[in-house]
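In what follows, a single structure is set out as structure tokens and then discussed.
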Amino acid sequence: MNQQMLSLANFTEDNLRAILQALPALIWLKDADGVYLVCNERFEQFFGALEKDIIGHTDYDFVSKEMADSFRANDLLAMQKGGLNINEEWISFAHDGHRELVETSKTPLHNSDGKLIGILGISHDITKRKQLEKYEKFRSSTLELLAKNIPLPSVLEAIVRGVEQLHTDIMCSILLLDKEGKHLVDGVAPSLPSFYNQAINGVAIGVGVGSCGTAAFLGQRVVVDDIASHPYWAPYAELAAQAGLGSCWSQPILSSELQILGSFAIYHRKKNALADLDVYIIEQSAQLASIAIERKRIELKMQHMAFHDALTGLPNRSLLDDRLEQTKAACRRHHCFAAVLFIDLDNFKPLNDEHGHNAGDLLLQEVAQRISLCVREVDTVARFGGDEFVVIFSELETEQTQAEQLACNIAEKIRASLSMPYQIDIPNAHKQTSVQHHCTASIGVVLLRHLHNNDIDIVKLADQAMYQAKAKGRDTICFLDSNP
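Here the sequence shown is numbered in full-length UniProt numbering, starting from 1 and rising by one per residue.
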């Protein structure tokens, strides 16, 4: 015990002062009347004065009356409680003007007789911690949006606006990479001027294409503190000046497989350097955008798989039924005719038997492409099953004769296309086998009238017409009236 007391006694006032100055917190000591007795260097920076000029003065000599009143009220509260008092407050540092949110702890001090002699204050900077807490709350609320059926542009805008609300002096943007991976499109930047967004929409990525174009091309963060002087912005300096932009930091948005999806950018009105907290915000925001983009793309893919044939990519029977109902409604609305074709390949099984299902699959894919090239954009081509396909001719003519003629012309175009030879390259483990195959089609056609029999199974009738075409020798077209 005596040895411990001796060691403590060896700590001189200079030793204790050195420890006090080394601490990153603001530390000070006042007497019961609020007069300063001691403070450290960090506190000197807050008041913008040296310790020798602070000692013997009160808060009212250095800060506004409103702030000094607040400081004094918290001092009195701690002294009245007789114990620790903690509060949060924003303070501005006189030496450089920056602001910090601090957590201030004030503890009353007593002498050996228990008499109150002053108050010890310690303030810790919690700005970063509070901002991170706010960001995590914002991040959680954004992730909740993804669980709802909200369009991707709306989710991305929520991300942009959310980050901007956390930092009122910034403007954010999200740009997506197009399907070819060459241009930035579909920008979400509600706080940037419309003329600026329009000017950069569709810009080709590459080194020297601003911050975003460069980041998307290189796949790494690009920080431009001063747009006016940076070579990456030389082609866009005038545009940026017109928009009032001083700096731009851009983070590439990467998928879970590290493919570039787009860019997330933070703009400032004036020159601005990247700080540690900014790195966290821009990285996490880009990651949040990535989650939103990938999730929505997966949803679209799942929806597509639910209504499209996996082999050919054509609508399946579920989507065919929906398109048929839409066609019926259009017929009633526009008083026009429509038609349904049922197509069955005539010489498909021998190819499967001789060369396997891979060859058959390749043929079906080619058939799907040939049919699709023969029809109009308003028409629907669906795979019904196996080697059977159904085509809906939507919104034909209002006169029956003309509608039949148009349906016959398109059906003949399909028949002729499907009868052309097929060159099928079948991959295998050792080498590719090339097979030439001849395959025709039997086609049944039924005209759908706009005033009668809307509840009739039109596909079944077209199937019956197809069997009539088979009976007539195949590679032919047979018409069947839906209202005999």
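Ideal Cβ positions, reconstructed from N, Cα and C, are used throughout, including at glycine.
Keep in mind that this is a model prediction, so the values were computed, not measured.
- Annotation: residue 364 to residue 315 spans about 14 angstroms, alpha carbon to alpha carbon.
- The segment 285-300 and the segment 323-334 do not touch, with fewer than three beta-carbon pairs separated by less than 8 angstroms.
- Annotation for residue 106: the continuous beta strand (DSSP E) segment containing it runs 99-110.
- Take the alpha-carbon of residue 241 and the one of residue 200: they are about 14 angstroms apart.
- Here residue 29 carries a strand assignment [DSSP, helix/strand/coil].
- Bridge pairing for residue 248: 224, 267 [DSSP].
- The C-beta of residue 346 has 16 or more other C-beta atoms within 10 Å across all chains shown, which makes the residue buried.
- From the listed residues 410, 332, 232, the smallest Cα separation to residue 375 is found for 410.
- Between the segment 39-49 and the segment 69-89, the count of Cβ pairs shorter than 8 angstroms is below three; the stretches do not touch.
- When DSSP assignments are scanned along the segment 366-404, the uninterrupted stretches of beta strand (DSSP E) that are 3 or more residues long and fall wholly within it turn out to be 380-385, 388-393.
- Around residue 474, the same chain offers 346, 440, 442 as residues with beta carbons nearer than 7 angstroms, after the five sequence neighbours per side are excluded.
- Residue 54 has its alpha-carbon roughly 16 angstroms from the corresponding atom of residue 119.
- Look at residue 39 here: in three-state DSSP terms it is strand.
- As for any alpha helix (DSSP H) of minimum length 4 sitting wholly inside the segment 108-159, the runs are 127-146, ordered along the chain.
- For residue 86, the secondary structure class from DSSP, reduced to helix, strand or coil, is strand.
- In the structure shown, residue 198 falls within a helical segment according to DSSP collapsed to helix, strand and coil.
- Following the DSSP letters along the chain, one finds residue 174 inside the beta strand (DSSP E) bounded by residues 171-177.
- Per DSSP, residue 355 is not a residue of any beta strand (DSSP E); the alpha helix (DSSP H) it occupies stretches across 349-355.
- The Cβ atoms of residue 250 and residue 273 lie no closer than 8 angstroms to each other.
- The Cβ atoms of residue 216 and residue 177 lie closer than 8 angstroms to each other.
- With fewer than 16 other Cβ atoms inside 10 Å of its own Cβ, residue 17 counts as exposed.
- The C-beta distance from residue 371 to residue 414 rounds to 6 angstroms, short enough to meet the 8 angstroms contact threshold.
- Taking 8 angstroms as the upper bound for CB-CB distance, residue 342 and residue 447 are not in contact here, some 13 angstroms apart.
- DSSP places residue 478 within a strand segment (E or B) once states are collapsed to three.
- Taking residue 350 as reference, the option from 384, 417, 64, 435 with the minimal CA-CA separation is 435.
- In the three-state scheme derived from DSSP, where H, G and I count as helix and E and B as strand, residue 329 is classed as helix.
- By the Cβ rule, the segment 200-212 counts as touching the segment 177-187, because three or more pairs are nearer than 8 angstroms.
- Cβ-Cβ distances below 6 angstroms link residue 438 to 421 in the same chain, with the five nearest sequence neighbours on each side left out; the list follows chain order.
- When rounded, the separation of the alpha-carbon atoms in residue 25 and residue 247 is 31 angstroms.
- Here the segment 117-136 does not lie against the segment 150-161, with fewer than 3 beta-carbon pairs under 8 angstroms apart.
- Looking at the DSSP output, residue 459 bridges to nothing.
- Scanning 94, 106, 90, 108 for the CA closest to the CA of residue 100 turns up 90.
- For residue 444, DSSP records a beta bridge to 342, 478.
- Two segments are said to touch when three or more pairs of C-beta atoms, one from each, lie closer than 8 angstroms; by this definition the segment 169-176 does not touch the segment 221-241.
- Under DSSP, residue 18 forms no beta bridge with any residue.
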